[in-house]
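Residue numbers (our numbering), protein chains in the order written: chain A, 1 to 369; chain B, 1 to 728; chain C, 1 to 140.
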């Protein structure tokens, strides 16, 4: 896309150069990414921004820039389009290329073979989804393959079983949702995935989908054009089950818990209350709040393909973990497999394993049942 | 019923009905009746009496012939305006002139560069004389622009001004079809043809004159309302000034210093407030609201509700004993925006006008718990009256000035700044109260969290302004207000670091830019970049401000111990009440809309109603005062003239045709058309003083007995025919 | 054959829709020249017969523009119009004229953009419906 096309598409001429998008940009702490400058170069001088690769790829697509913009411009979408032209030209880090290739070949970005997608279920009796079931549990690539995130999937399944919900998974038929592929600018592959997934969902006459991953949630909900099924995040479903008193708490937790809002669940989809409701209803728990929470939450740097490219510099996740400790929290609760992964890493690199644990809300809930 | 309808719908019945299947025919006639009755449904829904049919009158032989159409054969002159290049660049004006001159009654057609100009008007007058024109068509800009101008030209030649027809070739043709000159020219021809068709049926009309009540109503007692009231009163008219709160003064009374001169706001305002209270021509209705307004220019009736203060205003001397004895002293003071406290019996601020105490019923121990009455016992003048009731007063005025002011943007709507969440984040208006010597801290600029002097202060611009999600417009005053406040902060604490974060610094007024330079020299740091977020570190009331210095292209974080948000100006939340009561228009920003942005800036579309101050849009004190004087001057014109002329385009009942069905009576919301009690058959009659010329009655009349002057059925029918005939 | 160019009659009130059309002009917001406007003081003046006349004389569509409900300069004129127009549509239907050929829109004096959008979308709709079915019918 030319600078002119980008200017038209993203309405860049409306920008008043206020600096809100850049001021709030979480990755500005580590790179010189300045999306306002990029937009100005395209809109005023008709030039496609050419800057060091680590700037462009440091964007986590957290969308805080969009939330703050007084002119309703979406700066991160503009960056994704610039990434797109780099991807097309083959100017892309090998780790990212491998991830994209793996999505194309195996249906997941983790370079794992398709047949291992259900490995996490081997000790559990999870059924394959059938038309008469209430929910399809869309596991997602990370909870399906990542050993740490698998615990979240297992815990969620435990909760569903205890509540007597009829649900199934797609097993090895399940495919990458495409959210990160979109964020990496490979929109052609994204369209292909979206079409394949829609076809699969239609085959099963899907009505209700629940997923543990806010990134899948966001992409199904907002980027799949002809969606005719309901999308739920697992925190929404679990909060409902608690409301309907379908879960019986057996054990006390006795912890101070602080909750971190994932960007794709909070800022991008306004789901703030359900995860908090779940934590507050757990027996013997104190819910703490970050100063910067809800629409002001920080980004953990997990989105926008950042799981597959390392950008040197201070880690936001480490700062967030330290902040949680400062608040006196014993558990940092999350609701996203990427947050889980980045925070787990941060706990290790900062050497604070003995001070704080990272847990998904579903894990906390299943512990008390 | 069928007979009546056959006559009223005679023009198309033969065509339509003859095509129809018999079943459809009866259905069609049924609907025709429904249309007429729909007026009744409207009446019913609006709680108007349901009418009784007087069956004998329904069937009446209708005669439509012999109605006079003016004394002579129409001799039409057509003047087509180039409007410089505005029309002529798109529309082929010469072609339109040729087209127009071929119509039978057109005796003269010409084009002119600017018909509205002096030579243009002279051209009209000259040709009225030369060609004995008795109808004039001007094809130019919107009739909303120059109708009056051209009517005067006709009048000057002894021609009735209502023999003029304007057709809109600019706003509704050349300006909106700029890329299709051919089609625009064809459309222009059709529009001119339509005007010619209407002009042949124009009739001379005579306006009515009404006397004017020599008094004005000013709504809102801020600086705008104060200035307008004083001006009107000084001209010599009776003024009713209505203020919602217990004292006049408005937002200006809350300010400490004014930019760029640094005058003390109270010092320049309070003498004016006292003038208001002493002026023999001003009746001050404080703690009062306008409940309803009816009537029209020169003859408005307003109902004012004077809220109960529970203190007799003629006995209270403002001594303050009630307030000092009142046991409840911890009510957040609205005037200090909750930064200070007041007692239940209170005046908002020491210089309040009128100096009468008010008992706040919501928080009074007597009203809430039935105990106390200490104020009643201790008042030396026995002014406390717990039995006082709200009082309704009806007043009559000739003109109305709206000066209802603004509301400050609620900074809570921008969660990224943590307003109300962080104690040391304040708004610009709160800053004024803090730094005011009469304020809650006695003029000490201190942090609300710990009472310490701030060492590093940030001013954050455009809170809620220039933002599609809240208010897209610029609030105008905040840049200068913040620069002035930055100066004041620096003045109090020369060692403090003061930063102003802005998108664009707008210093447009007299002496404003110079003031900015001065403040810059004083060491105030100006940073181009809107603050993106404010957060607080755990267990600390200090604030971290996130921003990009857009001139450096660097994103930074800085710690401050106080942040002032430059909250913008918004329309009053209750402005819609007045808008609805007076049928005023609002601009897209929800401020009141002036009649014309350049040429009629203080008038509204409602004759006799004028605007000033921030009710019309954000502006600073010099602009408010100038506009208030302008509004007062405009509002005094009808009062001085002593009579107003009404539009003669009103309804007229042809008694020969009226069937006394009273449908017209049920549709008229102004009670301007009623059964004539003096008439044997109780046929309808129009009250010319009350008729506003909307035409609803004419549309509803099943007997077509009502003529709506200026917009008659025949005229519109001819216009339609002309508009639907393709020009050659 | 040339493309069908609909002829639309606009009946607008002086205070809102006509002023909105003027604002579209002042702001130079372009729209196709297919609409021809007659100004009345209030939409309450509009008799159903004006609409029938327009179709009888060959209009392809009639756009009625008034103030937003509650904002009528004459308090309630637009409520009456709304009622009259809905019944007029029923009559048109029984006459074989698509009721969609009459559109009622509330357009304020500040909504120049809305005026032009309305005209554009109405023209498109009439284009889809095709010419007035009465066109070419013999005059009695």
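Each residue gets a CB set at the ideal place from its N, CA and C atoms; glycine is no exception.
Cα-Cα separation, residue i to residue j
| i | j | result |
| --- | --- | --- |
| residue 171 of chain A | residue 457 of chain B | 58 Å |
| residue 88 of chain A | residue 185 of chain A | 9 Å |
| residue 575 of chain B | residue 406 of chain B | 9 Å |
| residue 344 of chain B | residue 329 of chain B | 7 Å |
| residue 533 of chain B | residue 548 of chain B | 11 Å |
| residue 430 of chain B | residue 259 of chain A | 34 Å |
| residue 565 of chain B | residue 255 of chain B | 15 Å |
| residue 361 of chain A | residue 311 of chain A | 28 Å |
| residue 629 of chain B | residue 569 of chain B | 22 Å |
| residue 536 of chain B | residue 228 of chain A | 43 Å |
| residue 33 of chain C | residue 176 of chain B | 8 Å |
| residue 220 of chain A | residue 502 of chain B | 39 Å |
| residue 47 of chain A | residue 6 of chain A | 10 Å |
| residue 163 of chain A | residue 309 of chain A | 39 Å |
| residue 750 of chain B | residue 712 of chain B | There is no way to answer for residue 750 of chain B, as the model of chain B reaches only from 1 to 728. |
| residue 455 of chain B | residue 40 of chain A | 36 Å |
| residue 393 of chain B | residue 302 of chain B | 8 Å |
| residue 193 of chain A | residue 144 of chain B | 58 Å |
| residue 3 of chain A | residue 99 of chain A | 28 Å |
| residue 787 of chain B | residue 342 of chain B | With chain B represented from 1 up to 728, any question about residue 787 of chain B goes unanswered, as that position is not in the structure. |
Test: residue i CB closer than 8 Å to a CB of chain A
| i | result |
| --- | --- |
| residue 415 of chain B | yes |
| residue 550 of chain B | yes |
| residue 468 of chain B | yes |
is_contact[residue i, chain C] using C-beta, thresh 8 Å
| i | result |
| --- | --- |
| residue 170 of chain B | yes |
| residue 695 of chain B | yes |
| residue 713 of chain B | yes |
| residue 41 of chain B | Only weak support exists for where residue 41 of chain B lies, its pLDDT of 44 falling under 50; the coordinates are left without a value. |
For residue i, three-class secondary structure by DSSP
| i | result |
| --- | --- |
| residue 586 of chain B | strand |
| residue 442 of chain B | coil |
| residue 110 of chain A | coil |
| residue 642 of chain B | coil |
| residue 207 of chain A | coil |
| residue 175 of chain B | coil |
| residue 52 of chain C | helix |
| residue 82 of chain B | coil |
Residue-chain proximity (residue i, chain B), Cβ-Cβ < 8 Å
| i | result |
| --- | --- |
| residue 24 of chain A | yes |
| residue 68 of chain C | no |
| residue 271 of chain A | no |
| residue 292 of chain A | yes |
| residue 58 of chain C | yes |
Pair within 8 Å by beta-carbon distance, residue i and residue j
| i | j | result |
| --- | --- | --- |
| residue 199 of chain A | residue 230 of chain A | no |
| residue 285 of chain A | residue 251 of chain A | no |
| residue 508 of chain B | residue 483 of chain B | no |
| residue 635 of chain B | residue 610 of chain B | yes |
| residue 428 of chain B | residue 589 of chain B | no |
| residue 185 of chain B | residue 91 of chain B | yes |
| residue 126 of chain B | residue 21 of chain C | no |
| residue 9 of chain C | residue 54 of chain C | yes |
| residue 249 of chain B | residue 613 of chain B | no |
| residue 424 of chain B | residue 562 of chain B | yes |
Cβ contact (3+ pairs, closer than 8 Å) linking the stretch 219-236 of chain B and the stretch 255-273 of chain B: yes
Cβ contact (3+ pairs, closer than 8 Å) linking the stretch 5-25 of chain C and the stretch 93-108 of chain C: yes
Given 8 Å, three or more beta-carbon pairs between the stretch 442-458 of chain B and the stretch 384-403 of chain B: no
At least three beta-carbon pairs within less than 8 Å, the stretch 67-76 of chain A to the stretch 15-30 of chain A: yes
Contact between the stretch 120-131 of chain C and the stretch 75-87 of chain C (3+ Cβ pairs under 8 Å): no
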